[in-house]
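Using this note's numbering, the letters of the sequence shown correspond one by one to residues 11 to 449.
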Amino acid sequence: MQNTKNQARGSGIHARHNPTNDKTVSDDRQNASGNIVAPPRYRLTKLGEQMARLPIDPKIARILLAAKKHDCMAEILVIASALSIQDPRERPLEARDAAAKAHERFTDKQSDFLAYLNIWDSFQRERDKGLSNKQLVQWCRQYFLSHLRMREWRELHHQLAQTAIEMGLTTKEAAFRRPPEVRQLTSSENAGDQDLSAKLKQKQLDKKQHRAQIRAAKEAGYEQIHRALLTGLIANVGMKSPDGNDYTGARGSRFHLFPASALFKAKPKWVMAAELVETTKLYARDVAAIQPEWIEQEAPHLVRYHYFEPHWEQKRGEVIASERVTLYGLTVLPRRPVSYGRIAPEEAREIFIRSALVAQECDLKADFFVHNKKLIKEITELEHKSRKQDVLVDDEALFAFYHERLPDFYTADAVSDGLHPTNPQQTTPSPVGEGWGEG
11 MQNTKNQARG
21 SGIHARHNPT
31 NDKTVSDDRQ
41 NASGNIVAPP
51 RYRLTKLGEQ
61 MARLPIDPKI
71 ARILLAAKKH
81 DCMAEILVIA
91 SALSIQDPRE
101 RPLEARDAAA
111 KAHERFTDKQ
121 SDFLAYLNIW
131 DSFQRERDKG
141 LSNKQLVQWC
151 RQYFLSHLRM
161 REWRELHHQL
171 AQTAIEMGLT
181 TKEAAFRRPP
191 EVRQLTSSEN
201 AGDQDLSAKL
211 KQKQLDKKQH
221 RAQIRAAKEA
231 GYEQIHRALL
241 TGLIANVGMK
251 SPDGNDYTGA
261 RGSRFHLFPA
271 SALFKAKPKW
281 VMAAELVETT
291 KLYARDVAAI
301 QPEWIEQEAP
311 HLVRYHYFEP
321 HWEQKRGEVI
331 ASERVTLYGL
341 TVLPRRPVSY
351 GRIAPEEARE
361 IFIRSALVAQ
371 ECDLKADFFV
381 HNKKLIKEIT
391 ELEHKSRKQD
401 VLVDDEALFA
411 FYHERLPDFY
421 TADAVSDGLH
431 PTNPQQTTPS
441 PVGEGWGEG
């Protein structure tokens, strides 16, 4: 246990990809998910203590804990154990094209992570057929998979599942959940059957229904699975650059999708990667398409908010500003309107007074505003007729008048609801008359 705690405090495990000439850029000590790593002189958080019980890279442990929240433990156990070993797919130089073709049956166009689920499910179905070890080795060889790594994968998956069950993160049924089986017709069922054609049609229908179920399950589970993954891989997100050649990542990094990725040609706008590895270029390995709003939702403690262009919005009856959301300097959300009063109430109040009250850019029905608006109009007309320009106070004086007397309001609704002529302590006198309500 102490050893695994030291792993959580240290640089983690990179059993996945560790060639001597490559540099793995993602550094666990940079606290990728916000509370993965604690310096030695500090105590681990409750989350860190849970992660320390899982004998894997802290980032992957964080993902497993998120799987409970997103109800995708079975899928994440498979993916997490796959990311903790060397890739089971083999790509020998002398048969690279053949290997790529064989691996096509496992690929998913949106996510390299889902390819692991497809490999796992295919292998498990072969095992369910009762194949001998020799036959399983031959099957793996046919699809360019390492049988030894597949066995290592299964052993680690079982270990992680048992630990997760002991920690109360999941149940045995949920941890080992499997997709629905395709109903197979046996030779005994066919023997002496007079309506073989009908059974064959039913078999095809069962297969279609099964494929539809799998598609529906994938569509329903894609967000849950990848939001759980995002909690541990938050530092490895990127947005496609305008020219479409590479991606802009956190802390000013720029990376390319690894050529073996199923997303290499499609290049979705936003991706996350299992790791960033520097060889001739900085490459993202094992990537998936994501939605940028997931970043803010899964890492609210890591994103930063920036506000600009505060202004009075007459239609909304309040002061609003544009909000930009960033993660380690990467713009996640470029602009969205937000109420500025909760961000900077004093500044919002000043903008409200200048724009809504002084410039009269609102349809406020409060008695004092209607009275003053009417009075200002009359005095303006009087100034025009008499050619005198010093009867009505200037805008700065009018602002100072409202600023001194108006409570801390910065929306039209707050003024309408908060001021009542019957309450003498809340009346706002006219800047050009003796008082509110006086003739």
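Even for Gly, the Cβ is constructed at its ideal location relative to N, Cα and C.
Coarse secondary structure for residue i, derived from DSSP in three states
i      : result
PRO344 : strand
THR290 : coil
TYR153 : coil
ILE66  : coil
PRO355 : helix
SER94  : coil
ALA184 : helix
GLU371 : coil
THR241 : helix
ALA77  : helix
ALA366 : helix
LEU146 : helix
GLY231 : helix
ALA110 : helix
GLY178 : coil
ARG295 : strand
LEU337 : strand
ALA376 : coil
SER349 : strand
THR421 : strand
GLU328 : strand
ARG53  : coil
ARG101 : coil
ILE389 : helix
ALA201 : Note that ALA201 scores a pLDDT of 38, beneath 50, so its modelled location is shaky; the value from the coordinates is reported in the next line. Of the three classes helix, strand and coil, the one that applies to ALA201 here is coil, per DSSP.
Residue from the options whose Cα sits closest to the Cα of residue i
i      : options                        : result
LYS277 : HIS266, GLU285, ALA284         : HIS266
TYR338 : SER263, ILE389, SER365, PRO98  : SER263
ARG352 : GLU328, TRP304, GLN370, GLN301 : GLU328
GLU319 : GLU285, THR341, THR290, ALA354 : ALA354
ILE300 : VAL281, LEU292, GLU59          : VAL281
LYS119 : ALA424, THR290, PHE274         : PHE274
LEU179 : ARG72, THR117, TYR126          : ARG72
TYR350 : TRP322, PRO344, SER365, GLN370 : TRP322
ASP423 : ASP373, ASN382, LEU64          : ASP373
ALA366 : ALA331, LYS325, GLU388, ASN128 : LYS325
GLN172 : LEU64, THR289, SER94           : LEU64
GLN96  : GLU233, ASP405, MET160, GLU288 : MET160
GLU102 : LEU93, ALA185, ALA112          : A quick correction: the sequence has Pro, not Glu, at residue 102. Taking only the C-alpha atoms, the option nearest PRO102 is ALA112.
ARG415 : PHE378, GLU388, ASP256         : PHE378
LYS79  : THR241, CYS150, ILE361, GLU406 : THR241
ARG237 : ASP107, ALA76, PHE116          : ALA76
PRO68  : LEU239, ALA125, LYS250         : LEU239
ASP131 : ALA110, GLU357, GLU104, ARG164 : ARG164
ALA108 : GLN152, ARG314, ASP122, THR55  : GLN152
LEU292 : PRO310, ASN255, TRP304, GLU303 : ASN255
Buried versus exposed call for residue i [16 or more other C-beta atoms within 10 Å across all chains shown]
i      : result
GLY248 : buried
ARG346 : exposed
VAL316 : Here residue 316 turns out to be His, not Val, going by the sequence shown. With fewer than 16 Cβ atoms within 10 Å of its Cβ, HIS316 is classed as exposed.
ILE70  : buried
SER91  : buried
ALA84  : buried
THR421 : buried
ALA376 : buried
SER36  : With a pLDDT of only 43 at SER36, under 50, the local geometry of the prediction cannot be trusted, and no value is derived from it.
LEU158 : exposed
GLU59  : exposed
ALA298 : buried
PRO98  : buried
GLN308 : The question names Gln, but residue 308 is Glu in the sequence shown. Burial call: buried.
THR390 : exposed
ASP253 : exposed
ASP138 : exposed
ASP405 : exposed
LEU155 : buried
ASN143 : exposed
SER251 : exposed
LEU124 : buried
Whole-number beta carbon distance between residue j and residue i, since they are thought to touch under 8 Å
i      : j      : result
LEU312 : ALA283 : Going by Cβ atoms, the distance from LEU312 to ALA283 rounds to 17 Å, so no, they are not a contact pair.
ASP174 : LEU57  : Correcting the residue type first, residue 174 is Ala in the shown sequence and not Asp. With a Cβ gap of about 15 Å, ALA174 and LEU57 do not count as contacting.
ALA245 : ALA260 : 5 Å
GLU162 : LEU146 : Actually they do not touch by this definition, with Cβ atoms about 14 Å apart.
VAL380 : LEU408 : Wrong, their Cβ atoms sit about 16 Å apart, outside the cutoff.
VAL364 : ASP418 : Here residue 364 turns out to be Arg, not Val, going by the sequence shown. 15 Å between Cβ atoms; not a contact.
ARG295 : GLU285 : 5 Å
GLU371 : VAL348 : Between VAL348 and GLU371 the Cβ distance is about 20 Å, and since that is not below 8 Å, they are no contact.
Residue i Cβ short of 7 Å to the ligand NAP heavy atom set
i      : result
THR390 : Summarising the ligand content, the structure contains no ligands, and the ligand NAP is consequently not present.
Exercise for review: Any chance you could list the alpha helix (DSSP H) runs of at least 4 consecutive residues sitting entirely within the segment 250–293, in chain order?
Suggested key: none
**Study point:** Minimum length 3: unbroken beta strand (DSSP E) runs contained in the segment 297–326
**Key:** 313–323
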